[in-house]
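Protein chains in written order, with numbering that gives the first Met the number 0: chain V, 0 to 629; chain C, 0 to 235.
C-beta: ideal position from N, C-alpha, C; glycine also.
Note that the structure is a prediction, hence the values are computed from the model and not measured.
Here the structure is laid out as structure tokens; the discussion comes afterwards.
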Amino acid sequence: MMSKNDRQVQLTGMLYPEILDNKEYQVSLGEQNAHIDRDNFTATTLVDGFCECELKTTQELVEFKKPYEDKFRKVLDTNITFGSWSHKTSDKPINHASNVRKQVMYREMFKLPPFQGVKVKKEYLNRAYNLHRHYRASWNIHNKERKKEHDKQQENARYKWKYQSRGRVSQEVKHTELICYDIIHQSVISWLQMEDTPVQQMGQLLSVAHISDAHNAKSFVNALISVLNWCSDDEHDTTEAFVNAEMQLALKVLHKSITGRWTKLEAKTFVDLMRTDAVKYSIDYDNSLSFAYEIVETFTKGFVKLTYTELLRRLLNLMQVLDTITNYQEECLPWNVVGITTLKRGYNKPIKRLGALYQSLCEGNFSKYGKLQPKSLQQAKVQQAMTPQYYQSKGVSDQISDAVNELMKGDKKINERAGRHRWANVSFLQGKLDKDLAGKLKVRKQRPSDVGAVPRYINRWVTDKQVFARKRTTIKGGTVAIDCSGSMSFNASDIEEIVNQLPASHIVGYSGKGQGKKDDRPEGVIETFAKNQRAITSYDNTYICENDYYQNYVDVPAIMWLSRQPKPRMLVSDMEVVAYAVRPDGTDSHTYVHNKELRMYCEELCRKHDIIILKDVDEAKEFAKSLGKR
Amino acid sequence: MSESNCWTLAEQVIGNSDRVLLYGVPGTGKSYQATLYNLEEKQEVVSTTLTEDGSAMELRGHFIPNEDGSMSWLHGTAINAWLKGARFVVNEIDHASSDVLTFLYSILDDKQFAGMTLPNREQTFVKPSKGFNVVATMNGNPDSLPEALADRFPVKINIDKIHPSALKKIPKKYRKACESMSLIQDSARRTSIRAWAEFNRLSKFMTEEDSAKVVFQSRYRDVLDTIENTQAQDDE
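Okay, structure coming up:
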């Protein structure tokens with residue numbers, strides 16, 4: 000692959016920012032970082048020679064495949080056609096440098112609209128807005144004059160010229176590419192060399208690119224995956240030796256001269272190979288048959304020496320990140336979200352989300368995502384296996400989504416974000432704490448140690464030499480709030496087990512009821528199940544259970560109550576939080592609000608107040624055990 | 000100088016001031032407008048374009064063989080303009096050779112002092128007639144002129160806009176690109192309005208791309224891109 004520096008740079012590809020403000024600009028030629036400085040009237044252009052990308056025309060593709068079709072038609076004695084389906088061809092010359100120059104101009108032409116209350120940096124919002132800039136430019140090119148004519152002729156007409164997709168505008172924008180194919184190849188190859196998916200590097204490249212560039216990267220990764228799939232899918236044998244043998248066979252067939260003597264088996268293998276994504280990709284982007292196979296071979300035989308399994312793992316991880324990026328970009332495609340009335344204001348929400356994604360990718364430390372652990376959980380140094388499921392690390396795409404949500408948070412008030420709602424009025428009830436747990440707490444306040452100042456257990460000198468006393472620093476306790484709504488589906492014995500595991504704890508259950516029932520009972524209750532070494536004898540005898548409180552509506556009051564209690568604070572909840580819906584005039588609408596925003600809000604409250612979330616009673620029991628053992 | 004100013008000023012000054020220098024990037028219509036503004040009734044226009052190889056003879060006059068086989072004197076362009084009280088338009092004044100420059104100093108003197116004896120047999124003494132005025136044009140900056148010559152032009156106008164009448168001949172869709180690209184000082188990036196006029200003419204019977212190719216040569220893609228960029232802009 001030819002490096003950019005080796006290329007003879009043609010000095011064509013000049014920027015003319017003069018059209019923006021009729022001032023003369025000092026334009027220098029560059030190979031990177033094309034930009035316009037409006038303050039100093041300078042600019043750097045990306046010359047045309049930077050891009051040497053070529054794609055076959057449809058005709059050239061047909062001509063490329065024809066000798067193979069002719070040959071194997073004879074060998075296999077059947078009608079062989081390879082077709083042009085899923086190939087990438089272009090009947091127009093491609094110059095990515097020209098597209099980059101346009102991008103630079105569009106960035107100056109269409110300023111970023113104001114965004115309020117976002118934590119996302121302006122640079123990333125600008126990157127996210129680029130797709131809309133292209134759309135707006137393309138729309139202007141195709142529609143500006145026609146719209147003027149339309150408006151003139153039909154001044155008071157009902158039908159307005161729409162900003163949504165017109166003709167080929169959307170297709171043009173969707174297929175605009177900014178990054179040369181060899182840069183994509185080099186980037187993917189360098190990403191694959193890293194054991195951990197280099198999310199930041201991927202973000203840096205793809206955030207300045209367009210959706211079609213991300214799709215190009217996906218196609219390349221897909222071609223490499225296709226190689227591994229081809230080599231490992233026979234009879235489900237995926238051992239390294241088998242994959243290697245299949246790989247060599249494929250390479251042998253792909254490298255074999257077309258004029259040579261072909262057996263029927265070889266010909267059949269070749270025909271099958273020609274229909275794989277790997278070979279199609281090689282034909283399109285490298286004018287060869289084995290480009291993708293050779294890349295895979297470089298990784299498995301070259302200096303990196305990866306196993307096929309490891310390479311596949313890395314490829315799948317890359318694909319996961321690329322999928323996430325393209326999903327977010329798809330949400331931003333202007334023709335899906337922009338209307339005539341929003342032409343001037345842009346379309347802030349999806350842009351903010353895409354900007355947040357770019358910032359998360361470029362600056363995020365994904366080891367902290369998954370979920371942020373509360374301080375007390377970190378200090379507890381709980382074993383990895385005992386870490387509540389809620390905080391265990393997730394897949395890359397989930398982590399990225401969490402990072403984006405983190406940035407989008409606080410963008411609006413929760414009542415605006417989640418829809419108008421209120422929480423139930425809560426009554427605090429003391430359960431019947433008939434069971435005495437004092438016995439369980441009769442543990443020594445001090446324990447023997449081999450270091451200290453004053454010997455206390457001198458008799459131990461002859462055995463383990465732990466003659467000193469060390470004060471126990473922690474005692475099994477803290478506060479636990481248990482979500483007793485129907486979705487938790489637990490029974491009386493589960494509650495009792497938790498109480499037994501954490502005898503020094505203050506344990507409460509909370510639950511609410513629907514608005515429809517007009518009676519004197521409270522809307523929501525927080526009922527004490529255990530306190531001061533006394534506990535309920537049976538869950539069945541609690542007010543919550545006896546009065547059929549099996550709904551939510553008290554999640555936030557419970558969390559806020561928990562936030563004022565001694566640590567460690569534990570919330571046993573599946574976080575399926577529900578609130579009462581409220582009409583704009585403030586009256587109850589007798590429906591409910593249950594959505595992602597509300598859930599995120601509650602999770603954020605927990606994080607803020609150092610509350611550990613335990614997903615269900617089983618996890619609570621396990622976690623209680625792990626605390627109890629300390 | 001704003002768009003209205005440079006050409007409005009030029010229109011007010013030319014013909015009313017005896018010596019005017021118009022300078023600025025090429026292709027804005029300086030020479031053309033110099034021959035049109037404020038001409039008196041029946042006033043002639045005498046134009047000349049100076050080059051490094053030109054000689055004063057062309058401006059002053061010279062002998063030519065006549066039908067008798069002898070030689071007779073023919074006035075040069077400058078003397079002609081003097082005698083006829085014409086408008087003398089001197090293009091590319093900054094390209095004058097030293098020979099021409101010496102002669103120009105005399106021609107451009109104040110009218111009340113100006114006068115010279117021609118080197119013909121009669122040794123005719125000539126003076127500028129009433130109505131004679133000079134409009135000189137040049138590309139670039141008047142700082143590059145010899146001080147004495149620059150001093151002979153008390154009025155200097157920087158023409159930094161294409162004349163509206165010239166621009167009107169370019170269709171609307173090319174106009175902004177044409178104006179922006181033709182007023183650039185950097186010759187490597189500048190296009191000329193003449194090229195745009197030709198491009199427009201050719202594009203009526205050729206494709207836009209082909210016309211751009213033949214007119215703008217290697218820069219044709221830049222031109223097409225700039226046209227597209229102007230179309231992509233929002234209306235102001």
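Coil, strand or helix - residue i by DSSP
i, result
"residue 527 of chain V", "strand"
"residue 90 of chain C", "strand"
"residue 43 of chain V", "strand"
"residue 450 of chain V", "coil"
"residue 74 of chain V", "helix"
"residue 85 of chain V", "coil"
"residue 232 of chain C", "coil"
"residue 326 of chain V", "helix"
"residue 254 of chain V", "helix"
"residue 187 of chain C", "coil"
"residue 533 of chain V", "strand"
"residue 593 of chain V", "coil"
Within-8 Å CB hit, residue i to chain V
i, result
"residue 209 of chain C", "no"
"residue 12 of chain C", "no"
Residue-level contact to chain C via CB, residue i, 8 Å cutoff
i, result
"residue 106 of chain V", "no"
"residue 47 of chain V", "yes"
"residue 511 of chain V", "no"
"residue 80 of chain V", "no"
"residue 402 of chain V", "no"
"residue 136 of chain V", "yes"
"residue 11 of chain V", "yes"
"residue 21 of chain V", "yes"
"residue 15 of chain V", "yes"
"residue 151 of chain V", "no"
"residue 279 of chain V", "no"
"residue 73 of chain V", "no"
"residue 566 of chain V", "no"
"residue 143 of chain V", "yes"
Chain C residues whose Cβ lies nearer than 9 Å to that of residue i
i, result
"residue 18 of chain V", "175, 176, 178, 179, 180, 225, 228, 229 and 232"
"residue 175 of chain V", "Per Cβ cutoff of 9 Å: no residues; residue 175 of chain V is ~12 Å from chain C at best."
"residue 65 of chain V", "By Cβ distance, chain C contributes nothing, its closest Cβ being about 30 Å from residue 65 of chain V, past 9 Å."
Residues of its chain near residue i, where Cβ-Cβ distance is below 7 Å and the 5 sequence neighbours each way are ignored
i, result
"residue 169 of chain V", "334"
"residue 232 of chain C", "none"
"residue 127 of chain V", "331, 350, 353, 354 and 357"
"residue 664 of chain V", "Lying before the first or after the last residue shown, residue 664 of chain V is absent from chain V, which here runs from 0 to 629."
"residue 546 of chain V", "520"
"residue 79 of chain V", "68, 71, 72 and 270"
Residues of its chain near residue i, where Cβ-Cβ distance is below 8 Å and the 5 sequence neighbours each way are ignored
i, result
"residue 330 of chain V", "336, 349, 352 and 353"
"residue 146 of chain C", "none"
"residue 129 of chain C", "84"
"residue 523 of chain V", "422, 423, 424, 425, 426, 509, 510, 511, 512, 548, 552, 553 and 556"
Chain-ordered chain C contacts of residue i [CB-CB under 8 Å]
i, result
"residue 139 of chain V", "230, 231, 232 and 233"
Beta-carbon proximity list for residue i, same chain, < 6 Å, skipping 5 on both sides
i, result
"residue 42 of chain V", "14, 16, 24, 26 and 35"
"residue 396 of chain V", "319 and 323"
Chain-ordered neighbours of residue i on chain C, where CB pairs are closer than 7 Å
i, result
"residue 26 of chain V", "188"
| field | Members of the segment 212-230 of chain C near chain A, C-beta cut-off 7 Å | value | Absent from the structure: chain A. Protein chains present are V and C.
| message | Counting only Cβ-Cβ distances shorter than 7 Å, please list the residues of the segment 180-195 of chain C near chain V, keeping chain order. | response | Here the close residues are 180, 183, 184 and 188.
| request: Residues of the segment 87-113 of chain V with a CB closer than 9 Å to any CB of chain C: list them in chain order, please. | output: Here the close residues are 94, 97, 100, 101, 104, 105, 108 and 109.
| query | According to a CB-to-CB cut-off of less than 7 Å, which residues of the segment 591-602 of chain V neighbour chain C? | reply | From the segment 591-602 of chain V, no residue has a Cβ closer than 7 Å to chain C.
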